[in-house]
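Asks: Numbering (my numbering), first residue to last: 2 to 501. Where a beta carbon is used, it is the ideal one built from N, C-alpha and C, also for glycine.
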Amino acid sequence: MSTPERGSSYIHPAFEPSPMQRAMALRREINLQADRHVTHPFIVIKELRQARADNALKALEIQERYTTRYGYVGDLHGLDDETFAKLRKTLLTEGFDHIFFIGDIGGSASLARLQRLFYQGSDSPKDNKLWNRYQQLKKADVDEKTILHELKEGYLNLHAYELVLENHGRLSDQEAREQAERLADEEILQKILWAVKHKHYGHYVSDLSDQIITTLASDVESYYERFARMVAEIRLTTKAKVHVIRGNWDPRLPFDFEKGTEDPVPLVEQRRRFQDRKYFQEKGIEYYATVGFVETTDALHVLVPFDAVAKWIGEEGSLITPERLETYRRQVEEARLVNRTVIMVAHAVPAYRMHRKPSTIEGQVTEGNLRRLIGKLQPDEIVYGHEHFVRQDESGNYLHLDTKYRLYVLGEENVKDSGQDEQLADLDQKTEGVIATYVPISTENFSGVASLEVPKKVKNKKPRGTGGKRSPVRVGWPGVPLKLIDPNLPTETILYPRHS
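1) Tell me which residues share the same chain as Pro20 and place their Cβ nearer than 6 Å to its Cβ, disregarding the 5 neighbours each side in the sequence.
2) Can you list the alpha helix (DSSP H) stretches of 4 or more residues lying completely in the segment 305-385, in chain order?
3) Would you call Ala129 buried or exposed, if buried means 16 or more other Cβ atoms sit within 10 Å of its Cβ?
4) For the segment 70-87 and the segment 41-51, state whether three or more C-beta atom pairs, one from each stretch, are separated by less than 8 Å.
5) So, for Val333: in the same chain, excluding its five sequence neighbours on each side, which residues have a beta-carbon less than 8 Å away from its beta-carbon?
6) So is His201 buried or exposed if we call it buried at 16+ other beta carbons inside 10 Å?
7) What do you reckon, are the CB atoms on Leu88 and Gly449 nearer than 9 Å?
8) Over the uninterrupted alpha helix (DSSP H) stretch that includes Leu27, give me the two end residues.
9) Where does Arg475 sit, in a helix, a strand or coil, going by DSSP?
10) Which runs of the alpha helix (DSSP H) spanning at least 4 residues fall entirely within the segment 148-189, listed in chain order?
11) I'd like to confirm the pairing. Which residues does DSSP put opposite Leu408 in its beta bridges?
12) Reducing DSSP to helix, strand and coil, say where Ala54 ends up.
13) Using DSSP with H/G/I as helix, E/B as strand and the rest coil, what is Gly397?
14) On the CB-based measure, 16 or more other CB atoms within 10 Å of its CB, does Gly480 come out buried or exposed?
15) Could you pull the start and end residues of the beta strand (DSSP E) that Val221 belongs to?
16) For the segment 318-335 against the segment 269-286, are there 3 or more C-beta pairs whose distance is under 8 Å?
17) Between Arg134 and Asp124, is the Cβ-Cβ spacing less than 9 Å?
18) In the DSSP assignment, the beta strand (DSSP E) including Glu1 goes from what residue to what residue?
19) Under 9 Å, do Phe307 and Thr367 count as touching if we go by C-beta distance?
20) Using the Cβ count rule (16 or more neighbours within 10 Å means buried), how would you classify Glu179?
21) How about Gly376 and Val350: do their beta carbons lie closer than 9 Å?
22) With a CB to CB cut of under 8 Å and the five nearest residues on each side skipped, what residues in its chain are close to Ile235?
So, in structure tokens, the structure goes:
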């Protein structure tokens with residue numbers, strides 16, 4: 002018998018890998034793919050089986066057998082029709098089992114634009130020319146000449162749009178700008194100081210003229226109707242259950258504050274232009290105006306509306322009482338006993354410094370109270386909105402949408418942010434802390450949807466970076482992309498053994 006030449010592809014039958022060896026090789030490759038994509042090996046197996054499914058129905062059956070899919074939608078406000086259509090398409094096609102809207106459904110394009118101009122002095126999220134910049138100048142104790150120099154351009158942008166609104170759109174942007182530029186510097190300075198004295202955007206809007214407020218309010222209801230139609234379509238054509246968390250604009254649109262007050266004073270509910278709870282109730286939409294819970298076989302979601310952390314226990318009007326907090330705690334403990342992951346979804350920011358921007362006094366209060374709630378309940382993750390723009394680093398560069406940070410629970414009343422941004426690939430370097438995921442508002446390049454797949458048939462459902470193997474909530478990421486998984490893995494024998 003001749004000996005095969007050195008370097009040939011011939012393998013002696015004695016060296017054929019056994020089924021056990023093939024299984025071990027496949028397991029190693031699956032774990033490698035899971036680490037590469039920051040997901041659970043169980044999800045990789047699910048993706049492989051789906052890729053080899055004979056038809057779409059079989060692929061869907063595999064999906065439902067292996068995982069539960071959750072979607073999280075950031076603030077909506079005044080999305081233009083094109084961006085809203087992209088959001089709608091994503092929600093209708095992603096195959097979610099549950100969809101959570103993080104709040105601030107209400108708004109309009111004009112309200113959203115005026116807000117950008119008030120805080121930034123322009124339509125660009127990177128600009129810092131008005132209210133936000135004034136907070137920094139105030140701390141530096143600069144003189145009025147510096148204030149005028151720094152904020153004049155931003156204020157003229159704001160005032161020009163005020164003129165457009167006051168004339169109900171009959172004045173063009175260019176004409177309004179020319180009119181604004183006729184103001185003398187001293188008058189501009191006084192108008193700047195008047196605008197920036199307001200504690201937040203709603204406080205400022207409510208002090209504008211009745212003509213401007215009428216224009217701003219005129220198209221708000223149409224945006225709610227657009228949202229209700231989308232929810233009805235999701236219910237009719239998908240399996241998803243929809244949950245809406247109350248934001249800060251939903252109960253009080255920006256013009257729903259008393260005029261001429263030193264601090265913001267919300268109008269009583271009967272005087273507000275839009276009754277949010279009544280509206281959602283009439284539409285049959287599940288709406289959370291107080292802390293609520295959504296429990297499935299693999300996860301407990303703790304839903305936190307804005308007003309729930311606007312005041313704390315003992316303060317007049319607080320939505321959280323000691324008795325309710327104890328109930329929340331018990332529900333979380335019971336979920337952990339049956340190996341459910343705990344995810345908090347909040348319409349409030351747990352760490353403003355991670356957004357590299359000043360916060361309002363209201364923002365500081367809600368940040369502190371949200372941290373208290375995190376300290377009491379200690380979720381595995383927190384997903385939040387309320388802010389609108391993609392986070393930036395210290396140099397002003399946009400961070401990747403999936404950039405995370407951590408909150409460390411040092412005690413029930415002591416929760417600190419890490420101060421460090423983390424990329425997904427680095428999460429496994431630590432095993433402590435609450436993973437924080439921020440979902441910005443929809444843009445031209447981002448659908449506004451975050452997603453999560455929780456594997457059903459595993460005991461440890463914690464996310465990576467906290468002692469588990471599953472992916473945390475992913476922003477702008479529909480799952481593990483099939484094309485990145487090697488299609489030549491030896492799965493036919495291992496995953497689909499032939500029966501003799």
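Replies: Based on what the coordinates show:
1) Cβ neighbours of Pro20 beyond the five flanking positions: none.
2) Segments of the alpha helix (DSSP H) lying fully in the segment 305-385: 323-338 and 362-378.
3) Checking the sequence shown, residue 129 turns out to be Asn, not Ala. Buried, by the Cβ-count rule.
4) The segment 70-87, when compared against the segment 41-51, does not touch it at the 8 Å Cβ threshold.
5) Leu301, Val303, Val343, Leu378, Gln379 and Pro380
6) buried
7) yes
8) Counting along the chain, the alpha helix (DSSP H) containing Leu27 begins and ends at Pro20 to Arg37.
9) strand
10) 174-181
11) Answer is Asp418 and Val435, bridged to Leu408.
12) DSSP places Ala54 outside both helix and strand once states are collapsed to three, so it counts as coil.
13) coil
14) No answer about Gly480 holds up, because its pLDDT of 45 lies below 50 and its placement is not dependable.
15) It is not in any beta strand (DSSP E) - Val221 instead sits in the alpha helix (DSSP H) that spans Val221 to Thr238.
16) Look at the beta carbons and you see the segment 318-335 not touching the segment 269-286: under three pairs across the two are nearer than 8 Å.
17) For Arg134 and Asp124, no; Cβs fall outside 9 Å.
18) Here the chain comprises residues numbered 2 to 501, so residue 1 is not present and cannot be evaluated.
19) Taking the C-beta atoms as reference points, Thr367 is found nearer than 9 Å to Phe307.
20) exposed
21) no
22) Cβ neighbours of Ile235 beyond the five flanking positions: Leu92, Leu93, Ile100, Ala241 and Val243.
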